[in-house]
Structures are given as structure tokens and as C-alpha cells.
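Student:
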Amino acid sequence: MFDYHMHTRVSFDGHDTGLQMAQAARAAGLKEICFTDHLDYDPLGKMGILAFDTAVYNAEYDDLEIPGLKIRRGMEFGMTAENRAQFRKDLQRRPFDFVLGSVHFVDDFDVYYEDYWKDKSVFQAERRFLEATLECVELHEDFDVLAHLTYIAKTHCHPSPRPVPFEEHRELIDGILKTLARKDKGLEINTSGVDRCGGFLPTEDMVRRFREVGGKIVTIGSDAHQSRRVGQYAFEACDILKDIFGYVCTFEDRKPIFHKL
Numbered sequence: 281m282f283d284y285h286m287h288t289r290v291s292f293d294g295h296d297t298g299l300q301m302a303q304a305a306r307a308a309g310l311k312e313i314c315f316t317d318h319l320d321y322d323p324l325g326k327m328g329i330l331a332f333d334t335a336v337y338n339a340e341y342d343d344l345e346i347p348g349l350k351i352r353r354g355m356e357f358g359m360t361a362e363n364r365a366q367f368r369k370d371l372q373r374r375p376f377d378f379v380l381g382s383v384h385f386v387d388d389f390d391v392y393y394e395d396y397w398k399d400k401s402v403f404q405a406e407r408r409f410l411e412a413t414l415e416c417v418e419l420h421e422d423f424d425v426l427a428h429l430t431y432i433a434k435t436h437c438h439p440s441p442r443p444v445p446f447e448e449h450r451e452l453i454d455g456i457l458k459t460l461a462r463k464d465k466g467l468e469i470n471t472s473g474v475d476r477c478g479g480f481l482p483t484e485d486m487v488r489r490f491r492e493v494g495g496k497i498v499t500i501g502s503d504a505h506q507s508r509r510v511g512q513y514a515f516e517a518c519d520i521l522k523d524i525f526g527y528v529c530t531f532e533d534r535k536p537i538f539h540k541l
């Protein structure tokens with residue numbers, strides 16, 4: 281079992297050490313993990329430094345070993361329509377096994393917080409987020425897998441948390457999934473939404489649709505920011521992938537490895 285999305289104290293919003301997270305992974309019965317600390321940039325510059333320090337990253341992980349647990353080094357880059365050059369620059373920081381692309385900022389606002397939600401209905405907030413996500417996956421080339429496609433569902437200021445309904449946004453979600461498939465990019469099942477909004481990010485129907493439109497690469501990530509959440513609901517997510525794809529993916533040197541379920 282694998283967890284390919286987690287954050288330690290290396291991320292601005294992480295809490296525990298790499299060792300604590302790795303020990304929790306082994307205790308949870310995982311075989312392989314990947315650290316994916318944040319490289320995010322606030323377009324308005326109000327939120328401070330959201331990108332990890334490479335020297336801190338290297339010191340935390342380069343000598344970290346746990347018997348029986350394979351440890352990969354990755355990162356999560358926060359994509360916007362304007363920061364492709366920054367993405368390319370950040371990829372030169374060090375070798376990475378795995379690169380998640382995510383969307384956190386839309387129209388210059390972090391969708392996790394109140395400013396983004398002002399004067400929007402839930403439908404409007406979801407729709408604008410998905411429009412921005414589609415634009416990002418069309419423009420960016422440097423990520424391996426799209427993280428938490430429906431991240432908007434679990435955000436802190438969501439007035440009525442719910443899994444994003446596929447049928448209400450089918451055209452946009454189809455556009456995102458088809459673009460990922462065409463570019464041979466992957467889709468993550470992010471398990472952090474189960475406790476926040478009552479569903480995986482994205483939900484099973486979207487994962488199934490990804491397979492229908494030709495998607496091949498699929499990963500599982502807890503998005504854990506604390507050791508107690510490492511591997512959370514990963515086995516349940518694996519059951520979904522077993523039914524739809526028959527495998528789950530890990531990465532080494534930016535290349536997918538397919539594990540039969």
C-alpha cells in the first residue's frame with residue numbers, strides 16, 4: 281500500500297518530522313511513501329513564504345531510511361495560469377521522483393479562505409475553481425499527476441461542505457480528465473476529503489470517467505500534514521482502483537510504476 285501525498289514540517293503548514301511521518305507509515309502497513317512538500321506562491325504576496333527551502337528539504341529527507349519502507353522524494357507545485365516559468369525553475373532545485381500539480385489559488389485568492397468565497401454561491405465557487413483547474417492542466421506540462429481535482433470541496437470556508445457533484449459540472453470535469461489523459465498525466469485519489477466533506481477528492485464516478493476517457497496513471501495520497509493521518513483511507517481508495525483499473529501507480533525518477541491490485 282502507498283501514500284503519495286504528504287507534508288512534514290518542511291512545508292509551511294506541516295507539523296511533524298519526516299521520521300515521524302515515515303514511522304507512522306510503517307505502522308499503518310504502508311510499503312512506500314512519497315514526501316510532497318509545498319511549492320506554492322501567493323500572487324498577491326500577502327501570505328508570506330509558501331515554498332519550502334531546498335536545504336531544509338534535503339536535510340530532512342536525504343538520509344532518512346526506515347527498514348521495510350521505500351521512501352520517495354517529491355513535491356507539490358501550486359499551479360496558476362501565470363507561473364509556468366516558476367515551475368520550470370523549481371524543478372531544478374534537486375532531483376525529484378514525483379511531482380504533483382495542484383490548484384490552490386484562483387483569481388489571486390486562496391480558495392481555502394473567505395476572500396475567495398465572497399459573493400459566490402457554492403455552485404459558482406466550484407465552477408470557477410474547475411475553470412481555473414482546466415486552464416492550468418491545459419497550460420502546464422511539468423507535473424506528473426493532478427492532485428485533489430475537487431480540492432474546493434474540503435476548504436475551510438466552504439459554507440456547506442459536500443463532494444463536488446459530477447453531474448453539475450460534467451463538461452468542465454470531462455475537459456480536465458480528457459486533458460490529463462491526452463497528455464499522459466495522472467489523477468490522484470486524495471483521501472483527505474472523507475473527513476472534511478464526505479468523499480474522496482475526486483469521487484469514484486470521476487475516477488471511473490477518467491478510465492473511460494483513456495486515463496492510465498492513478499495514485500493515492502492522504503495529504504497528511506500530521507503523522508496521525510498518514511495512509512488514512514488508503515486501503516479503501518485502493519479498493520476503488522482495484523475495481524476500476526486493477527492497479528495503482530508509484531513513481532521513480534518521474535516515471536510511473538504500475539502495481540497490480
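The sequence shown begins at 281 in the working numbering and counts up one residue at a time.
We put the beta carbon where it would ideally sit given N, CA and C, even for glycine.
Keep in mind the model is a prediction, meaning the values are calculated, not measured.
1. According to DSSP, is Ser507 part of a helix, a strand, or is it coil?
2. When DSSP labels each residue in this structure, what does Phe378 get in the three-state scheme?
3. Out of Ala504, Ser472, Leu541, state which residue places its alpha-carbon closest to the alpha-carbon of Asp519.
4. With distance defined between alpha-carbon atoms, name the residue in Glu406, Val402, Cys437, Leu371 nearest to Tyr392.
5. Can you list, in chain order, the stretches of the alpha helix (DSSP H) that have 4 or more residues and sit fully within the stretch 294-365?
6. Taking the continuous beta strand (DSSP E) assigned at Val498, which residues delimit it?
7. What is the rounded straight-line gap between the Cα of Glu418 and the Cα of Ala433?
8. At the level of alpha carbons, what is the spacing between Leu521 and Val498?
9. Taking only the alpha-carbon atoms, compute the straight-line gap between Phe378 and Lys400 and give it to the nearest angstrom.
10. Which word fits Glu468, buried or exposed, when buried means at least 16 other C-beta atoms lie within 10 angstroms of its C-beta?
11. Using 9 Å as the threshold, is the C-beta distance between Asp503 and His428 below it?
12. Any idea if Ile313 is buried or exposed, counting beta-carbon neighbours within 10 angstroms, 16 or more meaning buried?
13. Return the CA-CA distance between Ala304 and Tyr341, expressed in angstroms with no decimal places.
14. Just to confirm before moving on: does the CB-CB distance between Tyr337 and Asp320 stay below 9 Å?
15. Quick one: complete alpha helix (DSSP H) runs, 4+ long, within the stretch 403-476?
16. Counting along the chain, where does the beta strand (DSSP E) carrying Tyr527 start and finish?
17. Taking C-alpha atoms, which residue in Gln506, His285, Gly478, Thr530 lies nearest to Gly381?
18. Just mark Ile456 as buried or exposed, buried being the case when its beta carbon has 16 or more other beta carbons within 10 Å.
19. Looking only at DSSP bridge pairs, what is Leu371 linked to?
20. Among Glu451, Asp424, Asp395, which has the Cα closest to the Cα of Thr435?
21. At which residues does the beta strand (DSSP E) containing Lys540 begin and terminate?
22. Please classify Arg450 as buried or exposed, where buried requires at least 16 neighbouring CB atoms within 10 angstroms.
23. Which residue or residues does DSSP assign as beta-bridge partners of Val290?
24. Rank Met281, Tyr431, Asp387 by C-alpha distance to the C-alpha of Ile453 and give the top, closest one.
25. Would you mind stating whether Val528 and Phe515 have Cβ atoms separated by less than 9 Å?
26. Please name the residue, chosen from Ala461, Phe292, Ala331, Gly309, that lies closest to Ser371 on a Cα-to-Cα basis.
27. Tell me, which residues are paired with Asp283 by DSSP?
28. Please classify Lys535 as buried or exposed, where buried requires at least 16 neighbouring CB atoms within 10 angstroms.
Tutor: According to the structure shown:
1. For the purposes of this step, residue 507 is identified with residue 227 of the sequence shown, where counting begins at 1. Reduced to three states, the DSSP call for Ser507 is helix.
2. Stepping through the sequence shown from its first residue, residue 378 is reached at position 98. It is a strand residue.
3. Mapped onto the sequence shown, residue 519 falls at position 239. Checked all of Ala504, Ser472, Leu541; the closest Cα to Asp519 is Leu541.
4. Numbered from 1 along the sequence shown, position 112 holds the residue referred to as residue 392. Ranking Glu406, Val402, Cys437, Leu371 by Cα distance to Tyr392 puts Cys437 first.
5. 298-307, 334-341
6. As a first step, residue 498 must be located in the sequence shown, where it is residue number 218. Taken as a continuous stretch (DSSP letters only), the beta strand (DSSP E) holding Val498 covers 498-501.
7. Position 138 of the sequence shown holds residue 418. Position 153 of the sequence shown holds residue 433. Spanning the two alpha carbons is a distance of roughly 22 Å.
8. Along the sequence shown, one-based indexing puts residue 521 at 241. Along the sequence shown, one-based indexing puts residue 498 at 218. Looking at the two C-alpha atoms, the distance is approximately 8 Å.
9. By 1-based counting over the sequence shown, the position of residue 378 is 98. By 1-based counting over the sequence shown, the position of residue 400 is 120. Rounded to the nearest angstrom, the two C-alpha atoms are 35 Å apart.
10. Residue 468 sits at position 188 when you count from the first residue of the sequence shown. Its Cβ being crowded by 16 or more others within 10 Å, Glu468 is buried.
11. Position 223 of the sequence shown, counted from the start, is the residue given in the question as residue 503. Position 148 of the sequence shown, counted from the start, is the residue given in the question as residue 428. Yes. Within cutoff.
12. As a position in the sequence shown, residue 313 is number 33, starting the count at 1. Result: buried.
13. Taking the first residue of the sequence shown as position 1, residue 304 is located at position 24. Taking the first residue of the sequence shown as position 1, residue 341 is located at position 61. The alpha-carbon atoms of Ala304 and Tyr341 are separated by roughly 15 Å.
14. The count along the sequence shown starts at 1 and reaches residue 337 at position 57. The count along the sequence shown starts at 1 and reaches residue 320 at position 40. No. Outside cutoff.
15. 450-462
16. By 1-based counting over the sequence shown, the position of residue 527 is 247. Segment 527-532, the beta strand (DSSP E) holding Tyr527.
17. Along the sequence shown, read from residue 1 onward, the residue named residue 381 stands at position 101. When only C-alpha atoms are compared, the closest one is His285.
18. Taking the first residue of the sequence shown as position 1, residue 456 is located at position 176. The residue is buried, with at least 16 neighbouring Cβ atoms inside 10 Å.
19. What you label residue 371 is simply residue 91 of the sequence shown in a count that begins at 1. Note: Leu371 sits in no beta bridge, so no partner.
20. If you number the sequence shown from 1, residue 435 lands on position 155. Out of Glu451, Asp424, Asp395, Asp395 has the C-alpha closest to the C-alpha of Thr435.
21. Translated into positions along the sequence shown, residue 540 becomes position 260. That run of the beta strand (DSSP E) goes 535-540.
22. Here the question's residue 450 lines up with position 170 in the sequence shown. So Arg450 ends up on the exposed side.
23. By 1-based counting over the sequence shown, the position of residue 290 is 10. Looking at the DSSP assignment, Val290 forms no beta bridge with any residue, so it has no partner.
24. Start at 1 with the first residue of the sequence shown, and residue 453 comes out as number 173. It is Tyr431 whose Cα lies nearest to the Cα of Ile453.
25. Numbered from its first residue, the sequence shown carries residue 528 at position 248. Numbered from its first residue, the sequence shown carries residue 515 at position 235. Contact: no.
26. As a first step, residue 371 is located in the sequence shown; it is residue number 91 there, counting from the start. The sequence given here has Leu at residue 371, not Ser. Out of Ala461, Phe292, Ala331, Gly309, Ala331 has the C-alpha closest to the C-alpha of Leu371.
27. On the sequence shown, residue 283 is found 3 positions in, with the first residue counted as 1. According to DSSP, which records beta bridges pairwise, Asp283 is partnered with Ile313.
28. By 1-based counting over the sequence shown, the position of residue 535 is 255. Lys535 comes out exposed.
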